[in-house]
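Only one structure is covered here, and it is reproduced in the block below.
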């Protein structure tokens, strides 16, 4: 089929002014838990984006420091974590009865409860409710559950526009981008990029808009105000549901959540079935842990809790959708099921050295970072070698920082190793991969002193190809390493050569040399030298 | 099989495989539930003021009835119109009407339409409980606090916080709110804010950009 030129070329994103130099490097995938690339492939792309790495480095440093400050204020932080862990273990252990109790209480208070086995079913329920209200336009509170189901895309196909109202989520939506963090989805963007996105895509952005965060937030306020005041239907996720009372909650900062939760006539809330706590009292634990962990604040500016429908106040029709979408599969694993305790604070990704360098898009899932590395492969059950998500448990240096900051004490490193083992078990049935081959080839060389010396001589030749002290892409099979990392070029002299040159008396360490080491490091003993 | 039956069956099956005899233990509540200082005591109030000011709220401590009314007038400042919940004490309504302000009453029975609410500059409400450790003020929608929308749409929120309702810890406040858990509650810690652009905190996005607090003795 040929295309006939009609004289009015449609403006493609490439033809926009690109004010601020923003560009979107990812496509919105069909399956938001599985974007179709492996972690090394994703990291290869994101590592090349130096602007993103700068933005991310600055942002994660800022938030890490704030979190630490606010955690250090709390003498009972460890006790709160212990309690949270116990609550979430109880939820996993008693999930069916708690869900039924929760449903009964929501219903008793005038809410309508739906159940969804998977993302498709959840999306369909949401779309049907919106259509039954005769609208084609809804406002949305930022929600990981709806990210997971790719609800916005689904609704767009059904002719319904969902307006994201969280500032960061709106930035992502306007830029046809994907979120890269679960709390601050536009963390990979800096202020001049945000200004560019607003000028290019927002429509009613003032032309003299500066890149001051205050002005940008003001522009978003003006843009969304009309939508809030006229919206008939809102869609949200939830941070916590309380089984004992049927209460649902949203923790937020901007007030966009409150706008959506209180002004429209109908509210639709999509909730993962693991988001429960058993008792109202348990709110005292999570309202302390979540804001300090997520944004480094003592308390987030707004927390809303509602139970069913309150006559005369807020939406008079409340739909709650309880969604499985792989959660019961996670629950099957005695070790891996801990991942269901996650309260989506994002502190593990803020502290993760791998996330900080690769950014969220590398993980190929709306759940990036350490928690994403254990949650995504379990939700998708993608541990087979030909499934791109099987690489996620390997996207970690196992430094353990994520477990230390996790407010619900999820033992992420242990689960990573556990999932790696599962992945290797699957792989054993297949041919060994390039890593196994490479390690087998190098083993004889590395275990023989003379052969190793000869090999290191060869490495010096790398000085001929290195630029700026770094080596970029190498040909296969070395590309397995260099496609996502620069290789430092070899030094002029190997350690063995240096030792020979500076210790002419022989290769046995001299007494004077070891004395010098002892003086510098008094705790080095004869035994462990 | 309907979705509910299917999900609950899957969950039971999953737990039967993953629980492995591990008992559900009672939640250890060794965290601080009750603060060292009494609710509303001087150190607790001082802490509350400090935390609120850290959120850029304006705080006025008013020891006597007349001072409370003056503080309300002062914090409402140059707002020309004010919405109040119908159940607000009459003297507070009168204070809101000072300096030539127009006062609009709102209730669940006679709610002000949202678009009209958007034209009102300020709101004055009471509150249920405060939390000094985190500078949080909780509203529970009772007649002196009103519908959730009124404390949201106008740009300035002035809230009266009774001194003896300021709790030092979150658990003490949750105990109070838990007496009526199904009331719609809004926890407020400062004005509307965002940190979405380079993690720079910006006060004022969609909710009230100004929060004024009268701590009433």
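Protein chains in written order, with the working numbering: chain A, 484 to 1012; chain B, 863 to 1079.
Glycine included, C-beta positions come from ideal geometry on N, C-alpha and C.
All of these numbers come straight from a predicted model, not from anything done at the bench.
Query                                                                                                                                                                         : Result
Should residue 517 of chain A and residue 808 of chain A be called a contact, given that it needs their Cβ atoms to be closer than 9 Å?                                       : no
In the DSSP assignment, the alpha helix (DSSP H) including residue 947 of chain B goes from what residue to what residue?                                                     : No alpha helix (DSSP H) holds residue 947 of chain B; the beta strand (DSSP E) holding it covers 943-947.
Using a Cβ cut-off of 9 Å (strictly closer), state whether residue 983 of chain B contacts chain A.                                                                           : no
Using a 10 Å radius around the Cβ and a threshold of 16 neighbouring Cβ atoms, would you call residue 568 of chain A buried or exposed?                                       : buried
Take residue 707 of chain A and list the residues in its own chain whose beta-carbon comes closer than 6 Å to its own, dropping the five residues that flank it on each side. : 648
Is residue 663 of chain A close to chain B, meaning its C-beta is less than 9 Å from at least one C-beta of that chain?                                                       : no
In the DSSP assignment, what are the bridge partners of residue 785 of chain A?                                                                                               : A:735 and B:1050
From the beta carbon of residue 892 of chain B, is the nearest beta carbon of chain A less than 9 Å away?                                                                     : yes
Could you give the first and the last residue of the continuous alpha helix (DSSP H) run that contains residue 778 of chain A?                                                : That residue, residue 778 of chain A, is in no alpha helix (DSSP H); it is neither H nor E in DSSP.
On a CA-only basis, which of B:975, B:1003, B:1016 and B:907 is nearest residue 942 of chain B? Give me that one, please.                                                     : B:1016
Since residue 964 of chain B is in the beta strand (DSSP E), which residue starts that stretch and which ends it?                                                             : 964-968
Cutting at 8 Å between CB atoms, please list the residues of its own chain near residue 519 of chain A, excluding the five before and the five after it.                      : 512, 847 and 871
Expressed to the nearest angstrom, what Euclidean distance is found between the alpha-carbon atoms of residue 887 of chain B and residue 573 of chain A?                      : 8 Å
Given a cut-off of 9 Å on the beta-carbon distance, is the pair residue 856 of chain A and residue 787 of chain A in contact?                                                 : no
Assign residue 594 of chain A to one of three DSSP states: helix, strand, or coil.                                                                                            : coil
Quick check on the burial criterion: 16 or more other C-beta atoms within 10 angstroms. Buried or exposed for residue 974 of chain A?                                         : exposed
Output, in chain order, the set of chain B residues within a Cβ distance shorter than 7 Å of residue 546 of chain A.                                                          : 1061
Tell me the rounded alpha-carbon separation between residue 641 of chain A and residue 718 of chain A.                                                                        : 16 Å
Kindly list, in the order they appear in chain B, the residues whose Cβ is closer than 9 Å to that of residue 763 of chain A.                                                 : 1036, 1039, 1040 and 1043
Hey, is the region 518-532 of chain A in contact with the region 837-851 of chain A, meaning 3+ C-beta pairs nearer than 8 Å?                                                 : yes
Is the beta carbon of residue 669 of chain A less than 9 Å from the beta carbon of residue 685 of chain A?                                                                    : no
Using a Cβ-Cβ cutoff of less than 6 Å, which residues in the same chain neighbour residue 803 of chain A once the five nearest sequence positions on both sides are dropped?  : 589, 594, 596 and 752
Which runs of the beta strand (DSSP E) spanning at least 3 residues fall entirely within the region 566-623 of chain A, listed in chain order?                                : 595-599 and 620-623
Note the first and the last residue of the continuous beta strand (DSSP E) segment covering residue 719 of chain A.                                                           : 716-719
Which bits of chain B does residue 541 of chain A rub up against, with CB to CB less than 7 Å?                                                                                : 1060
Would you check if there are 3 or more beta carbon pairs closer than 8 Å linking the region 1061-1070 of chain B to the region 1022-1042 of chain B?                          : no
Do the region 651-658 of chain A and the region 740-756 of chain A make contact, defined as three or more Cβ pairs closer than 8 Å?                                           : no
Going by DSSP, which residues form a beta bridge with residue 801 of chain A?                                                                                                 : A:750
Give the single residue among B:1074, B:913 and B:878 whose Cα lies nearest to the Cα of residue 986 of chain B.                                                              : B:1074
In the DSSP assignment, the alpha helix (DSSP H) including residue 910 of chain B goes from what residue to what residue?                                                     : 904-916
Would you be able to state if there are at least three C-beta pairs under 8 Å between the region 873-880 of chain B and the region 602-614 of chain A?                        : no
May I ask which residues mark the beginning and end of the beta strand (DSSP E) holding residue 1012 of chain B?                                                              : It is not in any beta strand (DSSP E) - residue 1012 of chain B carries neither H nor E in the DSSP assignment.
Should residue 644 of chain A and residue 660 of chain A be called a contact, given that it needs their Cβ atoms to be closer than 9 Å?                                       : no
Step through the CB atoms of chain B and report whether any lies within less than 9 Å of the CB of residue 490 of chain A.                                                    : Low per-residue confidence applies at residue 490 of chain A: pLDDT is 46, beneath 50, and the placement is therefore not dependable, though the value from the model is reported in the following sentence. It does not; no Cβ of chain B falls within 9 Å.
Would you report the Cα separation of residue 623 of chain A and residue 988 of chain B, rounded to the nearest angstrom?                                                     : 29 Å
Please classify residue 992 of chain B as buried or exposed, where buried requires at least 16 other C-beta atoms within 10 Å of its C-beta.                                  : buried
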